[in-house]
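Sequential numbering of the sequence shown, starting at 1, is according to the UniProt record's numbering.
Using N, Cα and C, we set each Cβ at its ideal position, and we do this for glycine too.
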Amino acid sequence: MIIEDLPGNQVLLLGIGGSGMSSLAHILLDLGYLVFGYDKKESDVTLFLKERGAKIQKDISGFDPASIDFVVFSSAINDETNGIFRNVKDLGKPLFHRSQILHKVFGRLSSISVAGSHGKTSTTAMVSQILEKTGKDPSIMIGGDTDLLGKKGGKAGKGDWGVYESDESDGTFLGHTAAIRIATNVDNDHLDYYGDEKTLQEAFVKYLAPETKGSAIVQAHDQGILKVLKLLSKTNVPHPEFHLWLLGNEELFQNSEQKNLFSDLKAKLGDRVHFIHYKVEEERLFFDFERERYEVKLPFSGTHYLRNSLCAIFAAFLVGLDFRESVKILSSYVGVKRRQETLGIKNSITVMDDYGHHPTEIRTVIESLKESYRNKGKLVVLFQPHRFTRTEILQKELAEALSHSENLFLLPIYSAGEKEISGISTATIANHLTNKNHTLLSGIIDEDLKEIEIVLEPGDCFLCLGAGNVRLWGETFLKT
């Protein structure tokens, strides 16, 4: 199926190996587009796309302009940061941001969008798994590979529903209003784009779109979400068919500080604001709805996963699916690559990889895995900071989160294409650590592993943590 308002069916995707762009490439291939791609690095992702028929080059000059109808780029490749973009402009072809194409794809459908500083990929995958397993055959865009889609992050289904991860990092999540909008949390990330926290929070109010028909589902325990809700309570009168679903533990709704806020929301929305109470005990989440109690148990540890699953379960409920069916499906949740992903086991040492790179994510994954391995062995963390700008802005917060680790190794900063900032390095974080049991490494894998192996023992968990290429250290450990 070709989208009518796009200029043809032959598309060039810049940076096609990236998580968001590769997911979009799979969707366009499913829709029948002839997909060309530029990426300077060959990877399993680009090789798989080639197997599916994408024509990928490492040199932009290798493309025949006559064979391309339009070009898709992302915020990572633009005329300010990458000369490739300027070269593509010279082709004289129509240019579209990745989010514009994404929204054109999902604008044809009833859709569910998932935004948030953390947890949006996992939540999107959970919603997708429920809809897939119940025969809805949705279109899907996940910002990560998952076994649910055969190692792809996206697909074009034949059903009426779509599920997509919505990116707040560059404001593009405001380009489309889904029928069901999920917000997992709001943290002080991407302030290089927004400038300050209030502007970020105002963007999330616009994302929840109270002036439009539809439903918003939020994790109301989150402090950032509560600030967003406070702003939302002061907006103009919402659309008469806008519904707000607030998911929170018992303590949240009993907290005197929140009662005025919830009263304001109730006064504005009446019976269109829904308070869903839950509690978490022994790696299980319990919630009540219409005098029935439901129990959620996942194959992954951590309260954050359980909270994400509740968002997914209520999104599926709004689609028309039964709670118990959704709960049963998520009891076999398949997960997403780089989210507590087990890479393998060597000498009874479990090697895991996790994408966490923001302080909240780091603290959450460390605490959940420490709990899981409490009676098995110790948690050994190898952390790779992501971007010089993030390290500079969040150096103290990163140090606080990493101080929850008892055995910590630190790699040099993964630049992600950024220029170095004078005086900013991994040592910048280390200077703020309260945990003195840490080691700065060279970034040379073989040398680093010799130091790490000294502390590893059978029963331990070796966690490779960060958004860069830190998993290579874990993969090399397993091979040697």
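Nearest neighbour of W245 by Cα position, chosen from E251, G171, F262, turns out to be F262. Shown here for I101: same chain residues with a beta carbon closer than 7 Å to its own, the five before and five after excluded, namely L24, V72 in chain order. Under the criterion of beta carbons closer than 8 Å, T360 and D187 qualify as touching, at roughly 5 Å. Under the criterion of beta carbons closer than 8 Å, V381 and L408 qualify as touching, at roughly 5 Å. DSSP, reduced to helix, strand and coil, places Y294 within a strand of the structure shown. Residue pairing of H438 in beta bridges, as defined by DSSP: L408. Here N375 has no same chain residue with a Cβ atom under 7 Å from its own Cβ, once five neighbours each way along the sequence are excluded. Around the beta carbon of R324, fewer than 16 other beta carbons lie within 10 angstroms, which makes this residue exposed. Secondary structure in the segment 213–287: the beta strand (DSSP E) runs of 3 residues or longer, each lying completely within the stretch, are 214–219, 242–249, 273–281 in chain order. If you compare the alpha carbons of A316, L433, G144, C464 with that of V351, the shortest gap goes to C464. In the DSSP assignment, A401 falls within the alpha helix (DSSP H) that extends over 395–402.
About 5 Å separates the beta carbons of I16 and D39, which is inside the 8 Å limit, making them a contact pair. In the pairwise beta carbon analysis, the segment 100–114 is classified as touching the segment 161–177: at least three pairs are separated by under 8 Å. Judged by DSSP in its simplified three-state form, A183 adopts strand. In this structure, K213 is the residue among Q219, A267, K213 with its C-alpha nearest to the C-alpha of H243. Between V273 and L232, the C-beta gap is not smaller than 8 Å, which leaves the two residues out of contact. I68: not part of any alpha helix (DSSP H); DSSP gives it neither H nor E. About 17 Å separates the CB atoms of E400 and L379; that is not less than 8 Å, and the two are not in contact.
Between the segment 114–123 and the segment 166–174 there are three or more C-beta pairs closer than 8 Å, enough to call the two in contact. When beta bridges are read from the DSSP output, L379 appears opposite C461. Nearest neighbour of L298 by Cα position, chosen from I313, S332, R363, K279, turns out to be S332. Counting C-beta atoms within 10 angstroms of its own C-beta, Q223 has fewer than 16 neighbours from the protein chains shown and is therefore classed as exposed. Around the beta carbon of D446, a 10 Å sphere encloses fewer than 16 other beta carbons of the protein chains shown; the residue is thus reported as exposed.
In this structure the segment 326–346 lies against the segment 128–135, because at least three pairs of beta carbons, one per stretch, are closer than 8 Å.
Distance from L200 to Y207 at the Cβ level is roughly 11 Å; contact not present, criterion being Cβ atoms closer than 8 Å.
By a beta-carbon distance limit of 8 Å, L411 does not contact A427. Their separation comes to about 12 Å.
Closest in C-alpha terms to L402, from the list K419, R390, E367, comes E367. Linking T389 to E295 through their CA atoms gives a straight-line distance of about 42 Å. Per DSSP, the unbroken beta strand (DSSP E) holding S113 starts and ends at 110–115. When C-beta atoms of the segment 45–58 are compared with those of the segment 24–37, three or more pairs fall below 8 Å, so the two segments count as touching.
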